[in-house]
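Add 15 to the 1-based position in the sequence shown for this note's numbering, that's all there is to it. Every residue, glycine too, gets a C-beta built ideally from N, C-alpha and C. One structure is given below, encoded as structure tokens.
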Amino acid sequence: MLKIDSHIHVSGDHPDCVALLDRLDIKMFNNCVASGSAMGWRAQREMYRQLAKRYAERYAWCTTIDLPDFSPDYAERVIAELEQDLAAGSLACKFWKNIGMEVRKPSGEFLMIDDPLFDPIYEYLIRVGKPALMHIAEPLACWQPLVEGNPHYGYYSQHPEWHMYTKPDHPSHAEIMAARDRVLAKHPKLRVIGAHLGSLEFDVREIAKRLDAYPNFAVDTSARVRDLAYQDPATVREFFLAYPDRILFGTDVVIRDSFAAMDPEVRQKQVQRLEETYASEMAYYEQDGPVTLRGVAYQGIGLPDRVLRKLYLDNARAWYPGIA
Ligand SMILES: [Zn+2]
Numbered sequence: 016m017l018k019i020d021s022h023i024h025v026s027g028d029h030p031d032c033v034a035l036l037d038r039l040d041i042k043m044f045n046n047c048v049a050s051g052s053a054m055g056w057r058a059q060r061e062m063y064r065q066l067a068k069r070y071a072e073r074y075a076w077c078t079t080i081d082l083p084d085f086s087p088d089y090a091e092r093v094i095a096e097l098e099q100d101l102a103a104g105s106l107a108c109k110f111w112k113n114i115g116m117e118v119r120k121p122s123g124e125f126l127m128i129d130d131p132l133f134d135p136i137y138e139y140l141i142r143v144g145k146p147a148l149m150h151i152a153e154p155l156a157c158w159q160p161l162v163e164g165n166p167h168y169g170y171y172s173q174h175p176e177w178h179m180y181t182k183p184d185h186p187s188h189a190e191i192m193a194a195r196d197r198v199l200a201k202h203p204k205l206r207v208i209g210a211h212l213g214s215l216e217f218d219v220r221e222i223a224k225r226l227d228a229y230p231n232f233a234v235d236t237s238a239r240v241r242d243l244a245y246q247d248p249a250t251v252r253e254f255f256l257a258y259p260d261r262i263l264f265g266t267d268v269v270i271r272d273s274f275a276a277m278d279p280e281v282r283q284k285q286v287q288r289l290e291e292t293y294a295s296e297m298a299y300y301e302q303d304g305p306v307t308l309r310g311v312a313y314q315g316i317g318l319p320d321r322v323l324r325k326l327y328l329d330n331a332r333a334w335y336p337g338i339a
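Here's what the structure looks like:
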């Protein structure tokens, strides 16, 4: 059965990577991140667009938008470029955590995801029937002291600039979540996929509350399988059984370097890393007994086939129309 990794960033432009996807029967939904990193998001777009063109069976992609410059024609310009990207095959539009956590308005206030400035963009997406992929906020651990053993310890030790515990003047996790929820309420026809379990990874019951309140909301599991595994397996299993149509499988593997440009040994390692990621994450969803995630033993949740099929395939197709 085909499986869709609905949240990933992999420049897999080499036959070795494609061969792995053929063998595992996986399609990657690459998404662009407007992070201002060395490789700007337009370079990511070029890579992901080409991949989807060359290997349509194995890749699809999602564009993003420039951050606001607060000029009066911002939304107009963004929509014009979005229109081009959708015509070029993009199936959604990504919004990133710098909105709510980093970008400030000319007034000095933080720009939040429910700022009216974004409304024309949301209305455009609704009009053309395309969803928004929202990575808004971060894991709750981002606002807490670093604790060794926490699934997010590694990231915040290496990226202190994103560790909000040390930045009490920045919006809280709850404030950012409330802004996201207001978007869901204000635009009930906008379909939103909350990346990383909608940044409610610490308790599946918190995700359930949003899924109950907002029928236009779904979540992907990307980079949060260990947060699920950290919780009581029976509770997590129940959550998946209660919301079988609202959870999309994703890994969030990030390999921005072109596979074709890598040394063969490095490329081989990356292919292996992908294969191991899929094996271990899928084992968690599929198996009942103990499973190992990044060297730590957890209990799998042994989901039934009908739920796995939705998690791996049907939900991506339903929430990202056109992914096939
Ligand atoms: Zn990601």
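Alpha helix (DSSP H) segments (min. 4 residues) lying fully within the segment 194 to 268: 210 to 213, 219 to 228, 240 to 245, 248 to 257
Where do the ends of the beta strand (DSSP E) carrying M43 lie? 41 to 46
Other residues of its chain near A103: CB distance less than 8 Å, five sequence neighbours each side excluded: R64
Taking just the CA atoms, how far does S273 sit from V93? 27 Å
Within the segment 148 to 178, ranges of the alpha helix (DSSP H) (whole runs, at least 4 residues): 168 to 173
Cβ neighbour criterion (16 or more within 10 Å) applied to Q283: exposed
Cβ of S6 within 8 Å of any heavy atom in ligand 1? The question about residue 6 has no answer, for the chain in this structure spans 16 to 339.
Is E216 near P154, with beta carbons less than 9 Å apart? yes
Label K109 either buried or exposed according to how many other C-beta atoms from any shown protein chain fall within 10 Å of its C-beta, with 16 as the threshold for buried. buried
Quick test of the definition: if touching needs 3 or more C-beta pairs under 8 Å, does the segment 318 to 325 touch the segment 59 to 76? no
Does the contact criterion of 3 or more C-beta pairs under 8 Å hold for the segment 259 to 272 versus the segment 18 to 35? yes
Proximal residues to M62 (C-beta, below 6 Å), its chain only, five neighbours per side dropped: S26
Return the chain-ordered list of same chain residues with a C-beta closer than 6 Å to the C-beta of D242, the five sequence neighbours on each side being excluded. P166, E216
Keeping to the same chain, check which residues put their C-beta closer than 6 Å to that of D227; ignore five residues upstream and five downstream. none
Less than 9 Å between the beta carbons of V207 and M149, yes or no? yes
Smallest Cα separation from D303: which of W111, V234, G315, A294? G315
On a CA-only basis, which of S50, A75, H29 is nearest G337? Give me that one, please. A75
For ligand 1, is there a heavy atom less than 8 Å away from the beta-carbon of H167? no
Within a Cβ cutoff of 7 Å, which residues of the same chain sit near A244, ignoring the five residues on either side of it in sequence? Y299, L308, Y313
Bounding residues of the beta strand (DSSP E) (the contiguous stretch that carries A312): 311 to 314
At a cut-off of 8 Å, is A107 close to ligand 1 when judged by its beta-carbon and the heavy atoms of the ligand? no
Do the segment 169 to 176 and the segment 120 to 137 make contact, defined as three or more Cβ pairs closer than 8 Å? no
Short Cβ contact (9 Å threshold) for R197 with G213: no
Quick check: is any heavy atom of ligand 1 less than 8 Å from the C-beta of V240? no
Closer than 8 Å to a non-hydrogen atom of ligand 1 - does that hold for the CB of S13? Nothing about residue 13 can be reported from this structure: the residues present for the chain run from 16 to 339 only.
Compute the beta-carbon to beta-carbon distance between R252 and L318, rounded to the nearest angstrom, for a pair I have assumed lies under 8 Å. 7 Å
Between the CA atoms of E72 and Q287 - distance to the nearest angstrom: 21 Å
Tell me whether H188 sits in a helix, a strand or coil according to DSSP, three-state version. helix
Unbroken alpha helix (DSSP H) runs of length 4 or more, entirely within the segment 279 to 336: which are they? 279 to 301, 320 to 324, 330 to 334
For my contact list, D235 and S21 are in at a C-beta cut-off of 8 Å; report their separation, rounded to the angstrom. 5 Å
Got a sec: does ligand 1 put a non-hydrogen atom nearer than 8 Å to the Cβ of V48? yes
Go through its chain and collect everything with a Cβ distance to L199's Cβ below 8 Å, but skip five positions before and after it. L205, V207, R225, A228, Y229, N231, F232
Tell me the rounded alpha-carbon separation between M277 and C47. 21 Å
Do you know offhand how far D329's Cα is from Q285's? 28 Å
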